[in-house]
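Here's the structure, in structure tokens; my notes come after.
Protein chains: 2
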Amino acid sequence: MRTKLLDRAEELARSRGFDAFSFADLARHAQIAKPSVHHHFATKAKLSQALILRYNERIADALTEIAETSATPRRCLERFVDLYREAAQDGQALCLCVAFSAGRSSLDDDVLDALAAFHTGVLGWLRAALSAHGRPEREAESVLALVEGAQLMARASVDIARFDAATAPFVASLAQQG
Amino acid sequence: MRTKLLDRAEELARSRGFDAFSFADLARHAQIAKPSVHHHFATKAKLSQALILRYNERIADALTEIAETSATPRRCLERFVDLYREAAQDGQALCLCVAFSAGRSSLDDDVLDALAAFHTGVLGWLRAALSAHGRPEREAESVLALVEGAQLMARASVDIARFDAATAPFVASLAQQG
DNA sequence: GTCTATAGATTGATAGAC
DNA sequence: GTCTATCAATCTATAGAC
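Here's what the structure looks like:
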């Protein structure tokens, strides 16, 4: 049940913005009464925190898997871009982290800490991947900003082509080197 | 009064997310009664539309001014990055367009059209600026995604340094050429 | 763990007087 | 153009029975 509630909350937060999901909606979707949601998550802040912590772990696992199974550093970075491309869901959704960064409630301290931890983790992974490919590590922030911004543009136009257009030059630059 | 209301709405939308501003808040700030706001903007959707249309014009004017007064194509693109840097307000706010792209109500048709027009305008400007600098026009989407994503990261960490770190490689690449 | 019932606040919006 | 009064809906959250 906990998982079911989190799944729905994530879906709504990513497709319609952080403030878009309500206890009423989660309850309806899980087919329980609205106050029953509070048994699993005392407050909305706690729910938000659980949401981003779970997302954190999932992405971390995905990145580890990519790093371990990619034949070349180039392929590794290509799959990173693809990970964010899939998260964009044809321009209809955003990475949970992007949705939280733009939302009001992200000012909650615990959530903000979790958000910072997310960025730190991804940036660390990116630095290692870039380094393995022979590129400067300081490009990590650029690459993360690029894919996050690309998601935003794709959502604004509800067209994944915008994501591809934005990331194409970076992907092409990977081919030129290693 | 209309301007006063729009100013407050923009401030809230950019600093706390699109869904953060309410008629009650606008009324309080303008020191009029809450229903009086409806005299200026019949619905919240109309208000949102007016908000982004005004933003559209302001940015278009700023970009025209930059294009006309920059000594070199390189300086022109540097000032573009600076425009977005200032809009980030030390990591406490977002470009209105970014805030709208992430929010729920951006699904409103009129607002979505205005959002698309905004992107089209900025991308057109960027293509001309990049071309003048001897870079491929297809980098326009990348540059826009970069500065929008950089704003998002700066806001997540409430630290403008993240914006600078993300945009630094691009700015450096401008110096190498023209 | 789930329920009914409800509190208490806030939301966008309307009617009608001045 | 502004006001008072009010509406219906929605929100998060709590109390207490089963």
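Heads up: the protein sequence lines correspond to chains A and B, in order. By the numbering used here, the letter at position 67 of the first sequence is numbered 67, and the numbering carries on one by one without gaps. By the numbering used here, the letter at position 172 of the second sequence is numbered 1172, and the numbering carries on one by one without gaps. C-beta: ideal position from N, C-alpha, C; glycine also.
{"Asked": "Test: R1104 (chain B) CB closer than 8 Å to a CB of chain A", "Found": "yes"}
{"Asked": "Unbroken alpha helix (DSSP H) run spanning R1054 (chain B), endpoints", "Found": "1044 to 1069"}
{"Asked": "The segment 1042 to 1069 of chain B: positions lying closer than 8 Å to chain A by Cβ", "Found": "none"}
{"Asked": "Contact set for A1099 (chain B): own chain, Cβ-Cβ below 7 Å, skip 5 residues either direction", "Found": "A1013, R1014, G1017, F1018"}
{"Asked": "Burial state of E1086 (chain B) (16 or more Cβ within 10 Å)", "Found": "exposed"}
{"Asked": "Contact between the segment 117 to 126 of chain A and the segment 1118 to 1132 of chain B (3+ Cβ pairs under 8 Å)", "Found": "no"}
{"Asked": "First and last residue of the uninterrupted alpha helix (DSSP H) at A1116 (chain B)", "Found": "1109 to 1132"}
{"Asked": "Nearest residue (CA-CA) to C97 (chain A), options B:D1113, B:T1167, B:R1155", "Found": "B:R1155"}
{"Asked": "Cβ shell of D90 (chain A) (< 6 Å), same chain only, five flanking positions each side left out", "Found": "I160"}
{"Asked": "Closer than 8 Å to chain A by CB, R1138 (chain B)", "Found": "yes"}
{"Asked": "With 16 other Cβ atoms within 10 Å as the buried cut-off, status of D108 (chain A)", "Found": "buried"}
{"Asked": "Assigned exposure category for Q1151 (chain B) - 16 Cβ within 10 Å defines buried", "Found": "buried"}
{"Asked": "Three CB pairs or more closer than 8 Å across the segment 34 to 46 of chain A and the segment 67 to 74 of chain A", "Found": "no"}
{"Asked": "Bounding residues of the alpha helix (DSSP H) (the contiguous stretch that carries C97 (chain A))", "Found": "96 to 102"}
{"Asked": "Interface flag, V111 (chain A) vs chain B, CB-CB below 8 Å", "Found": "no"}
{"Asked": "Any C-beta of chain B under 8 Å from that of P169 (chain A)", "Found": "yes"}
{"Asked": "Straight-line gap, E141 (chain A) to A1166 (chain B) (C-alpha atoms, nearest Å)", "Found": "5 Å"}
{"Asked": "Cα-Cα separation between R1008 (chain B) and L6 (chain A), rounded to whole angstroms", "Found": "34 Å"}
{"Asked": "Within-8 Å CB hit, V1098 (chain B) to chain A", "Found": "yes"}
{"Asked": "Assigned exposure category for R1104 (chain B) - 16 Cβ within 10 Å defines buried", "Found": "buried"}
{"Asked": "Under 8 Å (Cβ pairs) to chain B, residues found in the segment 1 to 29 of chain A", "Found": "R16, G17, F18, D19, A20"}
{"Asked": "Distance, I1032 (chain B) Cα to E1148 (chain B) Cα", "Found": "35 Å"}
{"Asked": "Whole-number beta carbon distance between A172 (chain A) and A1102 (chain B), since they are thought to touch under 8 Å", "Found": "Not really, about 28 Å apart at Cβ, beyond 8 Å."}
{"Asked": "Interface flag, A1116 (chain B) vs chain A, CB-CB below 8 Å", "Found": "yes"}
{"Asked": "Contacting residues, own chain, Cβ-Cβ under 7 Å from A1114 (chain B) (five flanking each side not counted)", "Found": "Q1049, I1052, L1053, N1056"}
{"Asked": "Test: H1119 (chain B) CB closer than 8 Å to a CB of chain A", "Found": "yes"}
{"Asked": "Own chain, CB closer than 6 Å to A93 (chain A), minus 5 neighbours either side, in chain order", "Found": "R14, S15"}
{"Asked": "Distance CB(A88 (chain A))-CB(F163 (chain A)) smaller than 8 Å", "Found": "yes"}
{"Asked": "Range covered by the alpha helix (DSSP H) that runs through I182 (chain A)", "Found": "The requested residue 182 (chain A) is not part of the displayed model; chain A covers only 1 to 178."}
{"Asked": "Short CB-CB distance (under 8 Å) between E1078 (chain B) and chain A", "Found": "no"}
{"Asked": "is_contact[L1144 (chain B), chain A] using C-beta, thresh 8 Å", "Found": "yes"}
{"Asked": "Residue from A:Q176, A:V158, A:D25, A:R2 with nearest C-alpha to A1116 (chain B)", "Found": "A:V158"}
{"Asked": "Local conformation of S1090 (chain B) per DSSP, three classes", "Found": "The sequence given here has Asp at residue 1090 (chain B), not Ser. Looking at D1090 (chain B) - three-state DSSP - the assignment turns out to be coil, as it is neither helix nor strand."}
{"Asked": "Rounded separation between Q1177 (chain B) and A24 (chain A) - CA only", "Found": "56 Å"}
{"Asked": "Which of helix, strand or coil DSSP assigns to G1017 (chain B)", "Found": "coil"}
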